[in-house]
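Converting from the sequence shown to our numbering requires adding 442 to each position, the first position being numbered 1. The structure appears right after this line, and notes come after that.
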Amino acid sequence: MCQSNSDIIYALDDLGRYRIFRSDDRGQNWYIYSDQEQGVRHGRLDRLPTFAIDTIGCDKVYGLVDYDLAVYNGTAWRKTGVLDLAGYSSTSELGNYVRSVAIDPNNPDVIYAGMISSGISDVWRSLDGGYNWEDISYNRPRVGI
């Protein structure tokens with residue numbers, strides 16, 4: 443549910459297509475907001491979604507494209523590039539991917555992303571809506587988020 447407008451609700455399709463549905467009237471009527479199959483889940487690796495909603499505008503949703511955190515504005519997905527900064531390994535057993543995302547409730551330009559792989563910088567923060575990222579793992583154990 444959108445924090446600033448409780449009429450807006452999102453739901454995820456769990457039938458293998460991974461669509462994002464949206465209701466603007468508290469769930470009375472629904473429409474497909476995004477029909478991209480890579481939008482929220484890691485497929486066979488992890489069935490739990492990586493998904494967040496812009497806390498103020500409510501039109502932006504965050505999910506995954508090619509295992510990288512991406513933002514959807516109602517028209518198109520934009521990869522944020524945080525996965526490349528953290529280190530993506532397609533040769534490791536599971537590979538790395540963005541496992542968690544959190545949006546600051548008071549400033550939707552502040553985004554946090556957590557990586558699944560251990561042994562790498564696994565907590566990242568963007569202060570500009572996902573265009574630039576900084577590693578904020580500091581000295582915490584590198585065990586994945």
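All C-beta atoms, glycine included, are put in the ideal place defined by N, C-alpha and C. Just so we're clear, the structure is a prediction, and the values are computed from it rather than from any experiment.
M557 beta carbon less than 8 Å from that of N581:
Here residue 581 refers to the residue found at position 139 when the sequence shown is read from its first residue. Here residue 557 refers to the residue found at position 115 when the sequence shown is read from its first residue. No, the pair does not count as a contact, with Cβ atoms beyond the cut-off.
CB of V540 within 8 Å of CB of L511, strictly
Position 98 of the sequence shown holds residue 540. Position 69 of the sequence shown holds residue 511. For V540 and L511, yes; Cβs fall inside 8 Å.
Please go through the segment 530 to 570 and give each complete beta strand (DSSP E) segment of 3 or more residues, from N-terminal end onward.
540 to 545, 553 to 557 and 565 to 568
Under 8 Å between the Cβ atoms of S476 and Y509?
For the purposes of this step, residue 476 is taken as residue 34 along the sequence shown, with counting starting at 1. For the purposes of this step, residue 509 is taken as residue 67 along the sequence shown, with counting starting at 1. Taking 8 Å as the Cβ cut-off, S476 and Y509 do not qualify as a contacting pair.
Sequence-distant residues of the same chain with beta carbon closer than 7 Å to C444, five excluded per side
As a working mapping, residue 444 is identified with position 2 in the sequence shown. Hits under 7 Å: I450, I495 and C500.
Using beta-carbon positions only, say whether L405 and T517 come within less than 8 Å of one another.
There is simply no residue 405 to check, as the chain begins at 443 and stops at 587 in what is shown.
Rounded separation between N548 and Y504 - CA only:
Residue 548 sits at position 106 when you count from the first residue of the sequence shown. Residue 504 sits at position 62 when you count from the first residue of the sequence shown. If you take the alpha carbons of N548 and Y504, they lie about 17 Å apart.
Just grab the DSSP bridge partners of G505 for me.
Counting from one through the sequence shown, the residue named residue 505 turns up at place 63. DSSP, once it has assigned bridges, lists A512 as partnering G505.
Would DSSP call D577 helix, strand or coil?
On the sequence shown, residue 577 is found 135 positions in, with the first residue counted as 1. D577: strand per DSSP, three-state reduction.
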